[in-house]
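Asker: Each residue of the sequence shown is one higher than the one before, counting from 101 in our numbering.
The following block contains the structure, expressed as structure tokens.
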Amino acid sequence: MSQAIKKVVIAGGGTAGWMTAAALSKLMGGQIEVTLVESESIGTIGVGEATIPTLVFFHRLLGIDEAEFLRETQGTYKLGIRFENWRDVGKDYTHAFGVTGKDCWACGFQHFWMRARQLGLAEDFGEYCLERRAAEAHKFSHLPNIGLNYAFHMDASRYAAYLRKFSEGFGVQRVEGKIDQVQLHPHNGYIRALKLDSGQEVAGDFFIDCTGMRALLIEKALHTGYESWSHWLPCDSAVAVQTEAVEPPVPFTRSIAHESAWQWRIPLQNRVGNGLVYAGSYQSDESAREQLLENIRGKTLTDPLLIKFQTGRRRKQWHKNCLAVGLSSGFLEPLESTSIHLIQQNIVRFLRFFPQTEIHPREVDEFNRQCAFDMERIRDFIILHYKVTDRDDTEFWRHCRQMEIPDTLAAKIDMFRETGHVFREANELFVDSWQQVMLGQGLMPERYHPLVDSMSEQELAGFIQQIKRGVDQQVASLKDHNDYLANFVGGASKSHS
Ligand code: FAD
């Protein structure tokens, strides 16, 4: 393709479509024309309500006002995820967004903590993490220089509507209609236009496939291929339902493991999002629906929605003049709330790679390599929760303990078990999270770094206590989450950077 991209067409208006439209129109609006086609009769998937801290930066990039966003989406703050019954029935831990303790130049805090623990000088690992402690205390405040790492819970439908308004303000043209056909250029197989069932044609230079699991452009038209990871992640179904709120929202997501499933609970200002993710080969749809309805609180506001999925990734996220964003690009179950993060990664990466004149295959290959790396590392992190567990009470959990895992994950687990080390590879998303989840799931390293022994017991005790005192003081200075939220959303917004 030898012409500059002037007209971008986005197919689909769910979270992916409108996040893409918002970013392209705000950041490149003067240079390109953006059109979005969506079908109200098809609708959106209607789930995807927990996020991770990278969304805060995406919003800052777009200049989105946080108070307005929270107001419009009935959003709440999120400091982490509480994993209940994952290590074993009755055992809980929290994967919080912050850093635990204090690393030194040679090794991570976990090495100091391990020796202190052996000597009876330390409490649970999570006691030294501000975000975890604040979550448990139901507290929140904005601290200078993002001293408290946070993300959001939000209403997915309201978020898409909010971003639609935002994008239209920056000139995005919305076309209502059902895409009937994807027309290709006969000479190179690039997409030429979308033909709607009304007969209207929407032509463009570049197309972004945000049609969700249908993947109308990237797969149905361009046959890009899909790499399935279902042999590593046994869950392939979900049932979701919304309920009335019966208590003030807590600043964390709950993830509750069951016999062959896990359940999410996402608190918004006005309601709660609930769902059960399960493996169809271990649990029927009907029993999953019953289990979910038995384990929720408050009146249901919607009928239970059944969703089937195949975990994996599109072999190429960018193929010819088409980029897949959102569910069309692949799917990882929502255990660590990473899908919206992957949406924004694809958008921001696309802007970085935005073709100046023509599409270069070398750049497209590099783009796809980076996307594959991101997804594979997140995939490994999710598999970790299933694989490293003491649970053996059901066939499902016994299968998870014994199943094969990717070599990359096996190497990380072995390294942690043998040495207590976790090393960040390239720009992988999770860093401190690995220690938190491995320890939380019951994987205790066999030894700690020898440098720790150069401290006397007294010095070590002083070091550990000093960190704990610092966290105690910070937690005490925070406000009640619900009061803070009500005040922030109701009051004037301000910048927190
Ligand atoms: P969709 O919402 O399905 O949107 C597709 C769009 O394409 C719609 O506008 C539709 O109308 C349009 N469309 C489709 N076909 C046509 C056609 N023929 N003509 C015109 N328009 C068409 N992510 C998180 O980050 N956090 C979570 O907590 C989380 N929880 C999840 C729970 C479950 C059970 C599932 C399945 C996913 C979850 N996700 C989560 C993922 C998240 O829901 C998605 O990443 C997000 O909603 C983006 O979806 P989408 O926009 O790609 O697709």
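All residues carry an ideal CB built from backbone N, CA and C; glycine is no exception.
Would you mind stating whether Arg-365 and Ala-345 have Cβ atoms separated by less than 8 Å?
Answerer: In the sequence shown, the residue the question calls residue 365 occupies position 265. In the sequence shown, the residue the question calls residue 345 occupies position 245. The answer is no: Cβ separation not under 8 Å.
Asker: In angstroms with no decimal places, state the Cα-to-Cα distance between Leu-578 and Trp-205.
Answerer: Taking the sequence shown and counting its residues from 1, the one referred to as residue 578 is at position 478. Taking the sequence shown and counting its residues from 1, the one referred to as residue 205 is at position 105. Roughly 30 Å separates the two Cα atoms.
Asker: How should Asp-583 be labelled, buried or exposed, when 16 other C-beta atoms within 10 angstroms of its C-beta is the threshold for buried?
Answerer: As a position in the sequence shown, residue 583 is number 483, starting the count at 1. Asp-583 should be labelled exposed.
Asker: From this set, Gly-312, Pro-367 and Ala-472, which residue's C-alpha is nearest Ile-145's C-alpha?
Answerer: Locating residue 145 in the sequence shown gives position 45, counting from the first residue. When only C-alpha atoms are compared, the closest one is Gly-312.
Asker: Would you say Thr-144 touches the ligand FAD, meaning its beta carbon is less than 7 Å from a heavy atom?
Answerer: In the sequence shown, the residue the question calls residue 144 occupies position 44. Checking the Cβ of Thr-144 against the ligand FAD gives yes.
Asker: Would you mind reading off the limits of the beta strand (DSSP E) that contains Gln-342?
Answerer: Locating residue 342 in the sequence shown gives position 242, counting from the first residue. Looking at the DSSP string, the run of the beta strand (DSSP E) that includes Gln-342 is 337 to 344.
Asker: In terms of residue numbering, what span does the alpha helix (DSSP H) encompassing Leu-155 cover?
Answerer: To locate residue 155, count along the sequence shown from 1; it is residue 55. Note, Leu-155: alpha helix (DSSP H), 154 to 162.
Asker: List the DSSP bridge partners of Asp-309.
Answerer: In the sequence shown, residue 309 corresponds to position 209, counting from 1. In DSSP, Asp-309 forms a bridge with Ala-111 and Ala-424.
Asker: With a threshold of 6 Å on Cβ separation, who are the neighbours of Ile-447 within its own chain once the five nearest residues in sequence on each side are excluded?
Answerer: Indexing the sequence shown from 1 puts residue 447 at position 347. Result list for Ile-447: Thr-120 and Ala-123, in chain order.
Asker: Compute the minimum distance between the beta carbon of Leu-578 and the heavy atoms of the ligand ATP, and state whether it is under 7 Å.
Answerer: Ligands present in the displayed structure are limited to the ligand FAD, and the ligand ATP is not among them.
Asker: Thinking C-alpha only, which one of Pro-545, Val-522, Ala-526 and Asn-527 is nearest Trp-534?
Answerer: As a position in the sequence shown, residue 534 is number 434, starting the count at 1. Ranking the options by Cα distance to Trp-534, first place goes to Val-522.
Asker: Take the Cβ of Pro-550 as the centre, count every other Cβ of all protein chains shown within 10 Å, and call the residue buried at 16 or more, exposed below.
Answerer: Here residue 550 corresponds to residue number 450 of the sequence shown, with the count starting at 1. It counts as exposed.
Asker: Where does Cys-229 sit, in a helix, a strand or coil, going by DSSP?
Answerer: Indexing the sequence shown from 1 puts residue 229 at position 129. Cys-229 falls in the strand class under three-state DSSP.
Asker: According to DSSP, simplified to helix, strand and coil, what is Val-571?
Answerer: Reading the sequence shown from its first residue, position 471 is the one you call residue 571. Helix at Val-571.
Asker: Count Cβ pairs between the segment 170 to 188 and the segment 535 to 548 that sit closer than 8 Å; are there 3 or more?
Answerer: yes
Asker: Just curious, the beta strand (DSSP E) that Ser-328 is in, first and last residue?
Answerer: For the purposes of this step, residue 328 is identified with residue 228 of the sequence shown, where counting begins at 1. Where Ser-328 is concerned, the enclosing beta strand (DSSP E) stretches over 326 to 328.
Asker: Between which residues of its own chain and Ala-321 is the CB-CB distance below 7 Å, once the five residues before and five after are set aside?
Answerer: Taking the sequence shown and counting its residues from 1, one reaches residue 321 at position 221. Result list for Ala-321: Val-282, Leu-284 and Ile-291, in chain order.
Asker: Less than 8 Å separating the beta-carbons of Ile-132 and Pro-455?
Answerer: Mapped onto the sequence shown, residue 132 falls at position 32. Mapped onto the sequence shown, residue 455 falls at position 355. Against a cut-off of 8 Å, the Cβ pair of Pro-455 and Ile-132 comes out as no contact.
Asker: Using 7 Å as the cut-off, classify the Cβ of Phe-157 as near or not near the heavy atoms of the ligand FAD, replying yes or no.
Answerer: The residue given as residue 157 occupies position 57 in the sequence shown. Phe-157: no, Cβ never under 7 Å from the ligand FAD.
Asker: Helix, strand or coil: how does DSSP classify Ala-116 here?
Answerer: As a first step, residue 116 is located in the sequence shown; it is residue number 16 there, counting from the start. Helix at Ala-116.
Asker: Between Lys-278 and Ser-139, how many whole angstroms is the CB-CB distance? I'm expecting something under 8 Å.
Answerer: Sequence index remark: in the sequence shown, residue 278 carries index 178 (1-based). Sequence index remark: in the sequence shown, residue 139 carries index 39 (1-based). With 8 Å as the limit, Lys-278 and Ser-139 qualify as a contact, their Cβ atoms being about 5 Å apart.
Asker: Using alpha carbons as the reference points, say which of Ile-142, Ala-511, Leu-392 and Ser-381 lies closest to Asp-297.
Answerer: As a first step, residue 297 must be located in the sequence shown, where it is residue number 197. Of the candidates Ile-142, Ala-511, Leu-392 and Ser-381, the one whose C-alpha sits nearest the C-alpha of Asp-297 is Ile-142.
Asker: Spell out the partners DSSP gives Pro-244 in its beta bridges.
Answerer: Here residue 244 refers to the residue found at position 144 of the sequence shown. BP columns for Pro-244 are empty, so no partner.
Asker: When DSSP labels each residue in this structure, what does Pro-550 get in the three-state scheme?
Answerer: The residue labelled residue 550 in the question sits at position 450 within the sequence shown. Three-state result, Pro-550: helix.
Asker: Cutting at 6 Å between CB atoms, please list the residues of its own chain near Val-425, excluding the five before and the five after it.
Answerer: In the sequence shown, counting from the first residue as 1, residue 425 sits at position 325. Correct list, in chain order: Ala-116, Thr-120, Ile-308, Cys-310, Ile-443 and Asn-446.
Asker: Figure out for me which residue from Asp-192, Gly-562, Gly-247 and Lys-420 has the closest Cα to the Cα of Glu-463.
Answerer: For the purposes of this step, residue 463 is identified with residue 363 of the sequence shown, where counting begins at 1. When each option's Cα is compared against that of Glu-463, the closest is Lys-420.
Asker: Taking contact to mean at least 3 C-beta pairs separated by less than 8 Å, is the segment 145 to 165 in contact with the segment 235 to 243?
Answerer: no
Asker: Hey, is Leu-316 close to the ligand FAD, as in C-beta under 7 Å from one of its heavy atoms?
Answerer: Within the sequence shown, the letter at position 216 stands for residue 316. Distance from the C-beta of Leu-316 to the nearest heavy atom of the ligand FAD is below 7 Å.
Asker: Below 7 Å, is the gap between the Cβ of Ala-340 and the nearest heavy atom of the ligand FAD?
Answerer: The residue you call residue 340 lines up with position 240 of the sequence shown. Checking the Cβ of Ala-340 against the ligand FAD gives yes.
Asker: Taking 7 Å as the cut-off, is the C-beta of Ile-443 nearer than that to any heavy atom in the ligand FAD?
Answerer: Indexing the sequence shown from 1 puts residue 443 at position 343. Result yes, Cβ under 7 Å from the ligand FAD.
Asker: Whole-angstrom Cβ separation of Val-339 and Leu-376, contact assumed at under 8 Å?
Answerer: Residue 339 sits at position 239 when you count from the first residue of the sequence shown. Residue 376 sits at position 276 when you count from the first residue of the sequence shown. Between Leu-376 and Val-339 the Cβ distance is about 5 Å, and since that is below 8 Å, they are a contact.
Asker: With a 10 Å radius around its C-beta and 16 neighbouring C-beta atoms as the bar for buried, classify Ala-592 as buried or exposed.
Answerer: Against the sequence shown, residue 592 aligns to sequence position 492. The pLDDT assigned to Ala-592 is 48, lower than 50, so where the model puts this residue is not dependable, and the model offers no usable value.
Asker: Check whether the Cβ atoms of Leu-543 and Phe-516 lie closer than 8 Å to each other.
Answerer: Taking the sequence shown and counting its residues from 1, one reaches residue 543 at position 443. Taking the sequence shown and counting its residues from 1, one reaches residue 516 at position 416. Contact flag set, yes.
Asker: May I have the straight-line CA-CA distance separating Gly-524 from Gln-210, to the nearest angstrom?
Answerer: Counting from one through the sequence shown, the residue named residue 524 turns up at place 424. Counting from one through the sequence shown, the residue named residue 210 turns up at place 110. Residue identity check: residue 524 is Arg in the sequence provided, not Gly. The alpha-carbon atoms of Arg-524 and Gln-210 are separated by roughly 15 Å.
Asker: For Phe-409, verify whether its CB is less than 7 Å away from any heavy atom of the ligand FAD.
Answerer: Taking the sequence shown and counting its residues from 1, the one referred to as residue 409 is at position 309. Yes, since a heavy atom of the ligand FAD falls inside the 7 Å radius drawn around the Cβ of Phe-409.
Asker: Just checking, does the segment 326 to 341 make contact with the segment 400 to 407 on the three C-beta pairs under 8 Å criterion?
Answerer: Contact holds between the segment 326 to 341 and the segment 400 to 407, because three or more Cβ pairs, one in each stretch, are under 8 Å apart.
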